[in-house]
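In this note's numbering, the protein residues as written are 2 to 154. Here's the structure, in structure tokens; my notes come after.
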């Protein structure tokens, strides 16, 4: 899947989370609104390195929250729910993510990865061999578990 395909997936996630255009822009690094709209129409300027990294964090956050909370509506609602974990300080994950700093996306991703059930190396390799997870060679490939989690949204 291309970077544009990854961006399309991010916009589907944004819809599932009920993000406003301002929230989408903050998460993607504050692109001009015309650029944001063009990207939604699968046109517009090339997607830069930082935006790709932000997209990667969003995809990872989406995967992690849907692993922790496998009911889509519950996972989506959690993103806006106030959280007392120290990194959130009573704010929601989306509040933290829309502060505009790439570091905030990284912190939310790390928090969810730490909370998700561990998948250590032997179990990961077993899951790969059994076809349960796919490890992409690069960012441009969107793992099947993210695609299947987005179906019907």
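Glycine included, each C-beta is placed from N, C-alpha and C at the ideal position.
If we ignore side chains and look at the alpha-carbon of each, how far apart do residue i and residue j end up?
| i | j | result |
| --- | --- | --- |
| residue 70 | residue 63 | 10 Å |
| residue 101 | residue 31 | 7 Å |
| residue 26 | residue 33 | 8 Å |
| residue 105 | residue 83 | 16 Å |
| residue 125 | residue 109 | Bear in mind that a pLDDT of 48 at residue 125, under 50, signals an unreliable position, so the number given afterwards is only what the model happens to contain. So the alpha carbons of these two residues sit roughly 22 Å apart. |
| residue 88 | residue 57 | 20 Å |
| residue 74 | residue 52 | 27 Å |
| residue 42 | residue 13 | 13 Å |
| residue 140 | residue 90 | Residue confidence is low: residue 140 scores 49 on pLDDT, short of 50, so the model does not pin down where it sits. Its coordinate-derived value is still stated next. Rounded to the nearest angstrom, the two C-alpha atoms are 32 Å apart. |
| residue 1 | residue 11 | No answer is possible for residue 1: it lies beyond the span of the chain, which begins at 2 and ends at 154. |
| residue 114 | residue 98 | 15 Å |
| residue 44 | residue 72 | 33 Å |
| residue 76 | residue 107 | 18 Å |
Can you tell which of the options has its C-alpha closest to the C-alpha of residue i?
| i | options | result |
| --- | --- | --- |
| residue 78 | 89, 44, 88 and 66 | 66 |
| residue 15 | 3, 5, 48 and 28 | 28 |
| residue 20 | 49, 117 and 80 | 80 |
| residue 46 | 5, 97 and 103 | 5 |
| residue 23 | 115, 95 and 107 | 95 |
| residue 50 | 103, 10 and 18 | 103 |
| residue 86 | 111, 52, 72 and 12 | 111 |
| residue 3 | 107, 75, 48 and 97 | 48 |
| residue 116 | 90, 44, 68 and 99 | 68 |
| residue 1 | 38, 43, 114 and 18 | Any question about residue 1 goes unanswered here, given that the chain covers just 2 to 154. |
Assuming residue i contacts residue j under a Cβ cut-off of 8 Å, what Cβ separation, rounded to an integer in Å, is found between them?
| i | j | result |
| --- | --- | --- |
| residue 40 | residue 8 | 6 Å |
Report the residue ranges of all alpha helix (DSSP H) runs contained in full by the segment 42–119; include only those spanning at least 4 residues, in chain order.
-> 50–69, 73–79, 94–98 and 103–116
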